[in-house]
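Numbering-wise (this note's numbering), the sequence shown opens with residue 885 and increments by one.
Backbone N, C-alpha and C define an ideal beta-carbon position, used for all residues, glycine too.
Computed from a prediction, not measured in an experiment: that's the story for all the values here.
See below for the structure under consideration.
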Amino acid sequence: MATVLLHSFLSIFLGLMHPFYVSMTDIQHNTTNKSLEISVRIFTDDFEGALRKNYPGKIDLIHPPDKNAINHDVADYINKHLQLQVNGKPAPYTFVGFEQQEESTWCYFEVSNVATLQQLQITNTLLHDYNTNQINMMHIKTGSKEKSDKLDYPDAVAKFVF
């Protein structure tokens, strides 16, 4: 029940708070698949602004003129600005895709080979290069344990111990 309330609050919060600069990273430990399933929600207009600062060409997440190029830019940007260490070791992730939902862009990633999640360190600088008022929120779930944290610019590192 608490998870439902938190997600409902965050969805409303993210929708109502704009023009505040907020991203939400949700990480679910899938014990069956031994993976981390990562969802990153960013306001589309802010994300496009950050991408335009970093990549040449037309940036349009809603109607991309070149889907392969925008997939590359989205994956590359997130990889540069969101790093994970799982149980003390760097954890590279695979880009799954992205989609639009109302005013937000959802980006999806996966980390393989995570049988247990004891520690997670997240370095999150999403949109720090776009706006110094950026707030990056994170919610982690493994089994029945859930933890959340909020990073206000310029803070960039959150540590979770389960």
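Buried versus exposed, by CB contacts within 10 Å (16 or more), residue i
i, result
"ALA999", "exposed"
"VAL1041", "exposed"
"HIS956", "exposed"
"VAL906", "buried"
"THR916", "exposed"
"ASP930", "buried"
"THR978", "exposed"
"VAL1045", "exposed"
"VAL980", "exposed"
"THR1016", "exposed"
Neighbourhood of residue i by C-beta, 8 Å cutoff - its chain only, sequence neighbours within 5 removed
i, result
"LEU1035", "ASN1008, ILE1019, ASN1020, MET1021, MET1022, VAL1041 and ALA1042"
"THR928", "LEU945, ILE946, GLN984, GLU987, SER988 and THR989"
"PRO1038", "HIS1012 and THR1016"
Residue i - partner residues in DSSP beta bridges
i, result
"THR915", "In the DSSP output, where bridge partners are listed per residue, THR915 has none listed."
"PRO974", "GLN969"
"ILE926", "SER907 and THR989"
"LYS1025", "GLN912 and GLU1030"
"LYS1043", "GLN1005"
"PHE982", "CYS991"
"GLU921", "GLN912 and GLU994"
"LYS1017", "According to the sequence shown, residue 1017 is Asn rather than Lys. Its beta-bridge partners do not exist; DSSP assigns none."
"LEU1035", "ASN1020"
The alpha helix (DSSP H) enclosing residue i, as first and last residue numbers
i, result
"VAL958", "951-965"
Beta-carbon proximity list for residue i, same chain, < 6 Å, skipping 5 on both sides
i, result
"LEU889", "Residue placement at LEU889 cannot be trusted, given a pLDDT of 48 that sits under 50; what the coordinates show is reported in the next sentence. The answer is none, since no qualifying residue turns up."
"LYS973", "none"
"GLU1030", "none"
Contact set for residue i: own chain, Cβ-Cβ below 7 Å, skip 5 residues either direction
i, result
"CYS991", "VAL924, VAL958, ILE962 and PHE982"
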